[in-house]
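If you number the sequence shown the way the numbering used here does, the last residue is 803 and the count never jumps. Glycine included, C-beta positions come from ideal geometry on N, C-alpha and C. Quantities reported herein were computed from a predicted structural model and do not represent experimental measurements.
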Amino acid sequence: MAERSTAAVDVADNSGDEPLTAQADQSTADGVAKNRERDTDSDEAQGSGGAERPGKTSAPELHSGHKLARRYRLEDCVTRLDGFSSWRAVDEKLRRAVGVHVLPADHTRARSVLAAARSSALLGDPRFVQVLDAVEENDLVYVVHEWLPDATELTTLLASGPLEPHDAYQMVSQIASAMAAAHREGLAHLRLNPNAVLRTSTGQWRIRGLAVNAALRGVSSDTPQRTDTEAIGALLYAALTQRWPYENDAYGLSGLPKAVGLIAPDQVRAGIHRGLSELAMRALVNDGATASRHESACATPEDLVKAIGEMPRIRPPEPAFTAPPEYQRTTYQQGSYGRPSVHPGATQTVRTPPPPLQSRTGKALKWAVSALLIAALGLGSWQLADALMDQGNSDDTNQTQTTDGDDNNSAAPKPVQQLKITGSQEYVASGSAQAPEDVGNTYDGDSSTFWRTKKYDEGPILAPYKPGVGIVYDLGSAQEISAASIGLRYTGDHTTAKLYAADSLTPSTRIRGMKEIGTADTSGTSLTVKASKTVKTQYVLLWITAVPYAPTDGYSGAGYKQAITDVTFTG
């Protein structure tokens, strides 16, 4: 049965093209501040069906400083093409950078752009660059999306060479899983290329251009799942070989030699991981197995996810140990400072030490010093005995004295106060949530109820597969945090937790933008995190970055996991 979709492509990726080919051009920046992309006039890049030609509607005459909805101030135009324009802008209400696509309301694609933007926004998957707003106003249609200044395009990463096997494995795993989730909701990308794939500073991979960019370019396909799967294969091929798997050069990459045809990555470059090479070919060759490998082709992202799951996990490379530099002696060694340097071949004169005090004057000085020492010892002994006697005589008097309550030197320590938790919400920095419905179990006073993480195959450190998991707590009002106590279900290895001051139950900044309160780790069933600095806040993020290995139980299988309960904060 034929599939049909008008979903996403990269915004300014000027391509119509031949089916099932991926010969690309450049596209618009969709969230990477340092990588402004280029426009071309060719429609010959990556295969995803035909691109609808726009009407004669011209792009709206906008300029830097123009405001949309009295909120979004346009800054830099990164694309002006086919009757629409794309901008880096500033959301003056939330004080953050955003991206904006603008086109006239009477543009032939305006309705499909609005519909695609709203469909993409409903998906809400953090693995995609999120659509924040989609509005028709004052004869304009504009779509507002995230801007990721800390992310780097795959195009930029490949400019310096192919990816390491572990990085390529992580990329294809995360991209395939995200696209499988999108297709389950009826959304396709169709223009998935190195400009549309971003790696964040935490090592997570994100996709931009879902639904909205396809509507802007009028791209559609009768087989969207097959097209997106082939595109993922092209991404993996490029990541392994630093070559584009078609004859035409694209995205700063050289194409394959003409008349050679599609050859496996491990035949293009030596030392490529055999499993990843076969995976790329299974995704690229959708008409069946290659003649040499006899592996079944992957025609959908779900097929690709299953194939990845059957591969042995590729572990990250061991960190290289760099030997410290050899210790270099300097001229400032003990006893050498101030001495003249000795030239090779020169004879150094050794000074004769002065003779000891053997004269009458010397003997007199010796006796004088000895007498002073004896006198000092005697005086010290007398003063010590006198002090001991005074202390014995004053014992009874001290017993009857009272302590002045206003004495600054005897002030009582500030009492520790348990802070009341009035609300909570799970914080998801990347990927899917853990158990958002169970966050209340962490402070309900019942030690038998828990909030549990999912099971992970690698650990105890969750990164780079996931930066961490956690919960934001509302203390009702701004409070000074001195410590947090957490009950844990699983022991072994180690659990690491950190406290951060957040600005709300749904923080507007990422972890690195929050102020750290304290950190601690343990291998037991309880953990206390003490504040390393005085911080006053209403919202506290309990952030877990490492979990122990635990066996199978009634809740999940064996793996790296943790569950927390009895969370209390003191101030």
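Environment of residue i [buried if 16+ CB atoms lie within 10 Å]
i       : result
Gly-218 : With the chain running from 233 to 803 in the structure shown, residue 218 is simply not present.
Val-492 : exposed
Ile-606 : exposed
Gly-702 : buried
Asp-785 : exposed
Glu-462 : buried
Gly-612 : exposed
Tyr-483 : buried
Arg-359 : buried
Thr-654 : exposed
Gln-402 : buried
Ala-790 : exposed
Ala-665 : exposed
C-alpha distance - residue i paired with residue j, whole-angstrom precision
i       : j       : result
Gly-479 : Leu-488 : Reading the sequence as shown, one finds Glu at residue 479 and not Gly. Their backbone Cα atoms lie some 5 angstroms apart in a straight line.
Thr-733 : Ser-453 : Per the sequence presented here, residue 733 reads as Ala, with Thr not at that position. Spanning the two alpha carbons is a distance of roughly 47 angstroms.
Ser-344 : Leu-707 : 45 angstroms
Glu-417 : Gly-541 : 22 angstroms
Ser-405 : Arg-684 : 24 angstroms
Thr-800 : Ala-778 : 20 angstroms
Ile-439 : His-726 : 33 angstroms
Arg-742 : Ala-661 : 7 angstroms
Val-444 : Thr-455 : 18 angstroms
Ala-391 : His-505 : 20 angstroms
Leu-422 : Ser-736 : 37 angstroms
Thr-340 : Ala-329 : 29 angstroms
Ala-603 : Ser-714 : 59 angstroms
Tyr-469 : Leu-364 : 32 angstroms
Ser-528 : Gln-457 : 16 angstroms
Ala-710 : Cys-530 : 54 angstroms
Pro-549 : Tyr-697 : 15 angstroms
Lys-793 : Asp-689 : 9 angstroms
Tyr-771 : Glu-293 : 44 angstroms
Pro-342 : Ser-764 : Reading off the sequence shown, one finds Ala at residue 342, where the question assumed Pro. Taking the straight line from one Cα to the other gives about 54 angstroms.
Met-513 : Val-671 : 44 angstroms
Leu-313 : Glu-307 : 17 angstroms
Val-376 : Asp-323 : 10 angstroms
Ala-261 : Glu-378 : Unreliable positioning characterises Ala-261 in this predicted model, as indicated by a pLDDT of 38, which lies under 50. The coordinate reading is nonetheless provided below. Each residue's alpha carbon lies about 11 angstroms from the other.
Leu-731 : Asp-678 : 23 angstroms
Ser-296 : Arg-305 : 8 angstroms
Asp-676 : Asp-798 : 7 angstroms
Ser-758 : Gly-745 : 28 angstroms
Gly-663 : Asp-357 : 8 angstroms
Beta-carbon proximity check, residue i vs residue j, cutoff 8 angstroms
i       : j       : result
Thr-674 : Ile-796 : yes
Thr-473 : Ala-695 : no
Thr-442 : Ser-352 : One detail in the question is off: residue 442 reads as Leu in this sequence, not Thr. In contact: Leu-442 and Ser-352 (Cβ atoms closer than 8 angstroms).
Leu-326 : Ser-740 : yes
Pro-780 : Pro-692 : yes
Leu-346 : Val-361 : no
Val-782 : Gly-724 : Residue identity differs from the one stated: residue 782 is Ala in this sequence, not Val. The answer is yes: Cβ separation under 8 angstroms.
Val-537 : Ala-408 : yes
Gly-465 : Ala-515 : yes
Thr-802 : Val-704 : no
Ala-447 : Glu-369 : no
Lys-687 : Ser-788 : yes
Leu-355 : Leu-419 : yes
Ala-471 : Leu-395 : yes
Boundaries of the alpha helix (DSSP H) in which residue i is found, first to last residue
i       : result
Arg-458 : 456 to 473
Ala-512 : 506 to 516
Gly-702 : Where Gly-702 is concerned, there is no enclosing alpha helix (DSSP H), although the beta strand (DSSP E) it sits in stretches over 701 to 712.
Arg-305 : No alpha helix (DSSP H) holds Arg-305; the beta strand (DSSP E) holding it covers 304 to 313.
Ile-743 : Note, Ile-743: premise wrong, no alpha helix (DSSP H); not H, not E.
Glu-542 : 533 to 542
Thr-777 : From DSSP, Thr-777 is part of no alpha helix (DSSP H) but of the beta strand (DSSP E) over 768 to 778.
Leu-346 : 342 to 355
Endpoints, the beta strand (DSSP E) within which residue i is located
i       : result
Ile-495 : Per DSSP, Ile-495 belongs to no beta strand (DSSP E) and is neither H nor E.
Lys-762 : 758 to 762
Ala-795 : 795 to 802
- Message: Under 8 angstroms, with one C-beta from each stretch per pair, do the region 416 to 436 and the region 386 to 393 reach the 3-pair mark?
- Response: Pairwise C-beta distances place the region 416 to 436 in contact with the region 386 to 393, as three or more of them are shorter than 8 angstroms.
- At a cut of 8 angstroms, does the region 332 to 340 reach the region 302 to 319 through at least three beta carbon pairs? Taking one beta carbon from each stretch, the region 332 to 340 and the region 302 to 319 have 3 or more pairs nearer than 8 angstroms; the two touch.
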